[in-house]
Amino acid sequence: KNLLHNGVSHDVFSEKSPNGLALNHKLLPQYMNDIGYKSHAIGKWHLGFFNHQYLPTSRGFQSYLGYYSGNLDWYGHYVTWGTTKMYDFHSDESAYYDTSTYTLELFDARAQQLISSHNPAEPMFLYYATQGIHGGYDVPPEKFLTDSQIELAEVVYTVTESAQRKLLATNSAAMDTTFSNLLAYLKNQGMYENSVIIVASDNGGCSNTVGSNYPLRGQKNSLFEGGVRVNAFVHSPLLADAQGTRLECVVHNVDWLPTILQGVAGYTGEIGALDGVNHWEAIKAADKSSTACARVEMVHLLEV
Numbered sequence: 001k002n003l004l005h006n007g008v009s010h011d012v013f014s015e016k017s018p019n020g021l022a023l024n025h026k027l028l029p030q031y032m033n034d035i036g037y038k039s040h041a042i043g044k045w046h047l048g049f050f051n052h053q054y055l056p057t058s059r060g061f062q063s064y065l066g067y068y069s070g071n072l073d074w075y076g077h078y079v080t081w082g083t084t085k086m087y088d089f090h091s092d093e094s095a096y097y098d099t100s101t102y103t104l105e106l107f108d109a110r111a112q113q114l115i116s117s118h119n120p121a122e123p124m125f126l127y128y129a130t131q132g133i134h135g136g137y138d139v140p141p142e143k144f145l146t147d148s149q150i151e152l153a154e155v156v157y158t159v160t161e162s163a164q165r166k167l168l169a170t171n172s173a174a175m176d177t178t179f180s181n182l183l184a185y186l187k188n189q190g191m192y193e194n195s196v197i198i199v200a201s202d203n204g205g206c207s208n209t210v211g212s213n214y215p216l217r218g219q220k221n222s223l224f225e226g227g228v229r230v231n232a233f234v235h236s237p238l239l240a241d242a243q244g245t246r247l248e249c250v251v252h253n254v255d256w257l258p259t260i261l262q263g264v265a266g267y268t269g270e271i272g273a274l275d276g277v278n279h280w281e282a283i284k285a286a287d288k289s290s291t292a293c294a295r296v297e298m299v300h301l302l303e304v
């Protein structure tokens, strides 16, 4: 659903919000469970947590490790509200106390545990909302960085003379390491050849934390392209014919549900009224010019 249709187009759910995404909305993991998938979530939730009914494990995920708010300290795992620090790291519905381990290391370990213990004969849906390069950067553990990545971060510093840009580069490299590890876990478990991996962002970079969307104008929280137009890609051995192709269609975040559910998973049941459209045929087409775009426009904002 577009934000205009769920009552949160004005803002996100904060750490003190006494509400969450309305329970009458059926979420993607709930649909996936209907057709036999095991659904798990790692990372950022940010859809409300004031009541147990709004937690990830009550919205379709069979397991969850991560934080409920919008951002947190990378090692202490707390969120700061004014001068107050609130611990925010959870396993399923219980607090997961760890105040010394890099967040991506905890996420990486959970991904390995979930995949290594999964039966490859059964389908899995893994929602992995990494803290990645969100603002508030901290130094990653050395084991998450290769020598070449460290050297590249030094080059970034030499060119930009910005310690924050260097820190952003090392956090980006650490995130790349977790992605590489994820592929290795899938391959070791015999799941990679039948996997579809989608990587996307929810907004453009924030210039307040040295993010850059050049050459696009604007940043996170703006309606210019720098705030809403982001990079995304789909990777899968099942898409060998489409490898290296570029989809020139307009794609909105709300399109991922029908694209994954109906396109990738082959769901044919009732899905109700959605704002999203299914792009799967266009994504898997080797000749993109032969497939019509499922979407040609989108609504950015509507003030009433």
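Residue numbers (full-length UniProt numbering): 1 to 304.
Positions of the beta carbon are idealized from the N, C-alpha and C atoms, including for glycine.
The structure displayed is predicted, hence computed values, not measured ones.
Alpha carbon of residue i to alpha carbon of residue j, nearest angstrom
i              : j             : result
alanine 121    : leucine 23    : 32 Å
leucine 72     : aspartate 88  : 7 Å
aspartate 98   : aspartate 92  : 15 Å
valine 76      : valine 155    : Note that residue 76 is glycine in the sequence shown here, rather than valine. Each residue's Cα considered, the two are about 29 Å apart.
tyrosine 37    : tyrosine 267  : 11 Å
alanine 153    : histidine 52  : 42 Å
aspartate 138  : arginine 246  : 34 Å
tyrosine 102   : tyrosine 96   : 14 Å
alanine 232    : serine 100    : 32 Å
arginine 217   : asparagine 33 : 40 Å
lysine 220     : threonine 209 : 10 Å
asparagine 194 : alanine 169   : 32 Å
Nearest-angstrom beta carbon gap, residue j and residue i [assumed within contact, 8 Å]
i             : j             : result
glycine 204   : alanine 129   : With a Cβ gap of about 17 Å, glycine 204 and alanine 129 do not count as contacting.
glutamate 15  : tryptophan 81 : 5 Å
glutamine 131 : lysine 44     : 7 Å
alanine 282   : alanine 294   : 6 Å
leucine 223   : leucine 301   : 6 Å
Proximity to residue i [Cα-Cα], best of the options
i              : options                           : result
alanine 286    : Val296, Leu238 and Ile197         : Leu238
histidine 25   : Glu303, Lys284, Gly272 and Asn278 : Gly272
asparagine 6   : Asp275, Glu281 and Val159         : Asp275
tyrosine 64    : Thr84, Lys85, Gly76 and Pro29     : Pro29
glycine 48     : Asn221, Glu193, Asn19 and Met86   : Asn19
glutamine 149  : Leu261, Ala173, Ser289 and Pro56  : Ala173
tyrosine 185   : His118, Ser162, Ser290 and Ala200 : His118
isoleucine 133 : Thr158, Glu151, Pro123 and Leu104 : Leu104
Range covered by the alpha helix (DSSP H) that runs through residue i
i              : result
tyrosine 185   : 163 to 188
glycine 43     : Glycine 43 -> not in any alpha helix (DSSP H); beta strand (DSSP E) instead, spanning 38 to 44.
tyrosine 31    : 28 to 34
glycine 66     : No alpha helix (DSSP H) contains glycine 66, which is instead part of the beta strand (DSSP E) from 63 to 67.
threonine 103  : 103 to 116
tryptophan 280 : 280 to 284
valine 228     : 225 to 228
Limits of the beta strand (DSSP E) - the one that residue i falls within
i              : result
alanine 200    : 197 to 200
leucine 3      : Element bounds for leucine 3: n/a, residue is neither H nor E.
methionine 124 : 124 to 129
lysine 85      : 84 to 87
tyrosine 157   : From DSSP, tyrosine 157 is part of no beta strand (DSSP E) but of the alpha helix (DSSP H) over 147 to 160.
valine 79      : 78 to 81
Contact test: residue i Cβ vs the ligand SAM heavy atom, cutoff 7 Å
i             : result
glutamate 270 : The model on display carries no ligand, and the ligand SAM is accordingly not part of it.
Below-8 Å beta-carbon distance, residue i vs any chain C residue
i          : result
glycine 76 : Among the protein chains of the structure shown there is no chain C, as only one such chain exists.
Is it the case that the segment 133 to 147 contacts the segment 227 to 247, given that we only count it when at least three CB pairs across the two stretches are under 8 Å? Short answer: they don't touch.
Is there contact here, the segment 172 to 183 with the segment 99 to 116, by at least three beta-carbon pairs under 8 Å? Contact holds between the segment 172 to 183 and the segment 99 to 116, because three or more Cβ pairs, one in each stretch, are under 8 Å apart.
Segment contact flag, the segment 241 to 248 with the segment 256 to 264, C-beta cutoff 8 Å, min 3 pairs: With a cut-off of 8 Å on Cβ pairs, the segment 241 to 248 is not in contact with the segment 256 to 264, counting fewer than three such pairs.
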